[in-house]
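Residue numbers (full-length UniProt numbering): 1 to 486.
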């Protein structure tokens, strides 16, 4: 009879078979799934965590005591009481350490005082105008410093391109200067979150936060002024291609470094552009040297800037968002506009006529070139992900304009004021319109195939245009001596 009762007590719940033994107890090896109510509660808790952005500490995980399923499985009170008398040991389930609530709450984005879209545009334009002056002046000054007797590199724009690309690399990699972004230090909070959570999956989160920080920096007016305004105007793609053509045509200016070049009173007997005839094969070597040295140094300069940013990161200061927004931005806009007005007035009424060719006209045209480059790149670069068409367009157009200005300046009919204006267009407008620093960044971020195509087309098309524009004069009537000091 007892065997018959044991067989009849065999029940089926779902797809789980439950055996009642003859002693009235359940099989201790039985594994029962969590009931639907508990699963629903856990789902609700997870949804609340996602909505609030705060991860709450999970309740401790207990062993599945059969008494909690007594009603569902139709147990008798006697069976439940018997099982409660069993010696149960809770299994310890390894859980990830709970995230501190205070930390999660502290990284919740706050409402910042981000200016309106119109104010941001005004600030951006003001920063571009202001820093374009510094970029052009830094380039002209460095070119003058590096053009000395016995200089190993006579194409002096090389050092401006090298230095400007270092600054660009530093600004790209730096995470401290604009730490507060638009009022919320998102990247800094992500790093602190990873440090305190001890989660193995936070490496990808930090990389994503750093990428987002880089994208956010590009919308900050001060960063745009430093990277696009200063570095873009400090470096010059058109001057680089001009030096390539002059090396090809044997007209590259060289410092006077021999005693026979000067008279007894120190007066130069020859011009810096005076060269002797040479075999055409040497011209190929000369242009190859200009291209290879410039590309090698500028690509390495970018990584030097990145390494410098990583090295000085613990010591780099951070700009206060409120101080930048309330004081620096309006002040730089004011300085940029006032400086441009002063430069135009000085170009009309110069203290000395030579100032026009040396730098005044270059400063007059610099903001126009910088603003043109910024907006052309802003609207055209997103067209093709594998080919930055905006940067390509401004580099080619700027190089063509430089070729025209150079040809006019070296024509026999050029006047002094015409020579100075042409020099200002080349140094100011074309120098600020074209850029090496951004071009190098794009070459290093593109994949290998698109980078080769983009770099080769940029140099090839620009050089072909100068050969057509400047070469048509150089190899027919020849260049005449310029009539102004620069």
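Think of the CB as a built atom: it goes at the ideal place given N, C-alpha and C, for glycine as much as any other residue.
The three-state reading of DSSP puts residue 118 in helix, counting H, G and I together. With fewer than 16 neighbouring CB atoms inside 10 Å of its own CB, residue 342 falls in the exposed class.
Closest in alpha carbon position to residue 336, among 306, 371 and 322, is 371. Between the beta-carbon of residue 434 and that of residue 132 there is about 13 Å, and that puts the pair past the 8 Å contact cut.
Residue 413 places its beta carbon 8 Å or farther from that of residue 458. Sequence-distant partners of residue 346 (beyond 5 residues in either direction) whose C-beta falls short of 8 Å from its own C-beta, in its chain, are 355 and 360. In the structure shown, residue 216 adopts helical secondary structure according to DSSP, grouped into three states. Taking the CA atoms as reference points, residue 175 sits about 19 Å from residue 437.
Within a 10 Å sphere around the beta-carbon of residue 364 sit 16 or more other beta-carbons, which makes this residue buried. With at least 16 other beta carbons inside 10 angstroms of its own, residue 243 counts as buried.
For residue 221, the enclosing alpha helix (DSSP H) stretches over residues 221 to 224. Taken in chain order, the complete alpha helix (DSSP H) segments of 4 or more residues contained in the stretch 313 to 387 are 329 to 348 and 361 to 380. The continuous alpha helix (DSSP H) containing residue 168 extends over residues 157 to 173. Within the same chain, and ignoring the five residues on either side of residue 421 in sequence, the residues whose Cβ sits closer than 7 Å to its Cβ are 361.
DSSP, read as helix, strand or coil, puts residue 176 in coil. Collapsing the DSSP output to three states places residue 392 in a helix. Exclusion of the five residues before and after residue 374 leaves 128 and 228 as the residues of its chain whose Cβ lies within less than 7 Å of its Cβ. The stretch 207 to 216 makes no contact with the stretch 115 to 127: fewer than 3 CB pairs, one atom from each, lie closer than 8 Å. Residue environment for residue 223: buried (at least 16 other C-beta atoms within 10 angstroms of its C-beta). Between residue 210 and the set 281, 163, 291 and 173, the nearest pair of CA atoms involves 173. Of all C-beta pairs linking the stretch 379 to 392 to the stretch 435 to 455, three or more are shorter than 8 Å, placing the two stretches in contact.
DSSP places residue 300 in the helix class (H, G or I) of the three-state scheme.
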